[in-house]
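For reference, the structure discussed in these notes is given below.
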Amino acid sequence: MPDEKPSRARGVDRVIDIFRQLHSARQPMAMRELIEATGAPRSSIYELVSLLSEAGLLELDAEGAVFFSREMHYYGADYMAHNDLIRRAHQLMVEIVARHGETVQLCMLEGNKYTVVLSESNAHPFKITSDIGVRVPITWTATGRLLLSNWSDSAILDLIPEEDYRLASGQILDKQAFLDEIHHAGKLGYCMTEGLSESFTCCMAAPIRSRSGQAVAAICFMVSRDTPQERRQMLLQELITSGQKLSDFT
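Taking UniProt numbering, the leading residue of the sequence shown gets 1, the next gets one more, and so forth.
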């Protein structure tokens, strides 16, 4: 009896780990891969996958690989319908893509990382985008600088892991320069960066604020660095206007 609660807690932790590993893979995983990725005992993973499959949360394909089931999609759709910001953002983002032909994303913080919550793509074969739910270092993004613009320097430095100051290019980002960029973005009410996550990209973002003024999300474009300045300004104004509209509903 004394071990019952810790055992259940471990079971829940392993279920969460299974879901996170499948999300990271973004495709079905063989049982062997799932066991190696989670580091959990083979018997536990087989038992949990069996239980979750019976509950309709996971499914196995013809080769026995494991992935999320269709029912999980329904739960995600329920969340989108319930969350006012995400629902309104989705409607607005569809309109933006139709007007400008650029991929637009809604982004938020997730712990000490940045993640794309929604993404609407253009019809062009070449797209610059990040996958939904993939956790990216905050230092690599214009959005991350906006989302930290109300934070104190000490809180920011406590949040960012040391390894995240290394950019995708291998360059080490100066911490004071990073803090200065955050404060500058907060004053401007937008942020534009070049070549942080990819050498050929320009990231531009505008905040979505709560009633207290806290930046809770950001709406952004990822475009090519050779995008003309006049078009950049037009797209940036679209983001600022959209961020202000969505701020009315947070």
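Where is the CB? At the ideal position from N, CA and C, for every residue including glycine.
- Taking Cβ positions, are residue 190 and residue 159 nearer each other than 8 Å? No; because the gap between Cβ atoms is not below 8 Å, this pair is not in contact.
- Run the CB neighbour count on residue 145, radius 10 Å, all protein chains shown included, and call it buried at 16 or more, exposed below. With 16 or more other Cβ atoms within 10 Å, it is buried.
- Query: For residue 201, which of 169, 182, 135 has the nearest alpha-carbon?
  - Reply: Measuring from the Cα of residue 201, the nearest candidate turns out to be 169.
- Within the chosen definition, does the region 56-75 reach the region 161-175 through at least 3 CB pairs nearer than 8 Å? Touching, no, given that fewer than three Cβ pairs across the two stretches are closer than 8 Å.
- Please list, in chain order, all residues of the same chain as residue 161 whose beta carbon is under 7 Å from its beta carbon, the five residues on each side excluded. Closer than 7 Å at the Cβ level, and outside the excluded window around residue 161, lie 112.
- What residue range is occupied by the uninterrupted alpha helix (DSSP H) comprising residue 337? An answer regarding residue 337 cannot be provided, because it is not within the stretch 1 to 250 covered by the chain.
- Item | Three-state class that DSSP yields for residue 110 in the structure shown | Residue 110 sits in a strand when the DSSP states are folded into three classes.
- Message: Tell me which residues share the same chain as residue 207 and place their Cβ nearer than 6 Å to its Cβ, disregarding the 5 neighbours each side in the sequence.
- Response: Counting only Cβ-Cβ distances below 6 Å, and skipping sequence neighbours, we find 146, 215, 218, 243.
- Message: Short of 7 Å in beta carbon distance, which residues of its chain neighbour residue 2, apart from the five on each side in sequence? Order them along the chain.
- Response: Confidence at residue 2 is low in this model, with a pLDDT of 47, below 50, so its placement is unreliable and the value that follows should be read with caution. In its own chain, leaving out the 5 sequence neighbours on each side, no residue places its CB closer than 7 Å to the CB of residue 2.
- Query: From this set, 133, 73, 132, 181, which residue's C-alpha is nearest residue 156's C-alpha?
  - Reply: With distances taken between Cα atoms, residue 156 lies closest to 181.
- CB residue 120 to CB residue 97, shorter than 8 Å? Closer than 8 Å, so yes.
- Alpha-carbon spacing of residue 128 relative to residue 224, whole angstroms: Confidence at residue 128 is low in this model, with a pLDDT of 48, below 50, so its placement is unreliable and no value can be given for it.
- Message: So the candidates are 48, 22, 232, 80; which of them puts its Cα closest to the Cα of residue 194?
- Response: The residue with the shortest Cα to Cα distance from residue 194 is 232.
- Does the region 74-81 come close enough to the region 37-51 that 3 or more CB-CB pairs lie under 8 Å? Touching, no.
- Got a sec? Which residues, its chain only, sit under 7 Å from residue 140 by beta carbon, not counting five neighbours each side? These residues qualify, in order along the chain: 167, 168, 196, 197.
- Query: Under the DSSP definition of a beta bridge, which residues are partnered with residue 219?
  - Reply: BP columns for residue 219 point to 106, 206.
- Task: Within its chain, find whatever has a CB closer than 6 Å to the CB of residue 30; leave out the 5 residues flanking it on each side and keep chain order.
- Result: If we look at residue 30 and ignore the five residues flanking it on each side, its Cβ neighbours are 65.
- Task: Grab me the residues of residue 154's own chain with a C-beta within less than 7 Å of its C-beta, minus the 5 sequence neighbours each way, in chain order.
- Result: Once the five neighbours on either side are set aside, residue 154 has no close Cβ partner at all.
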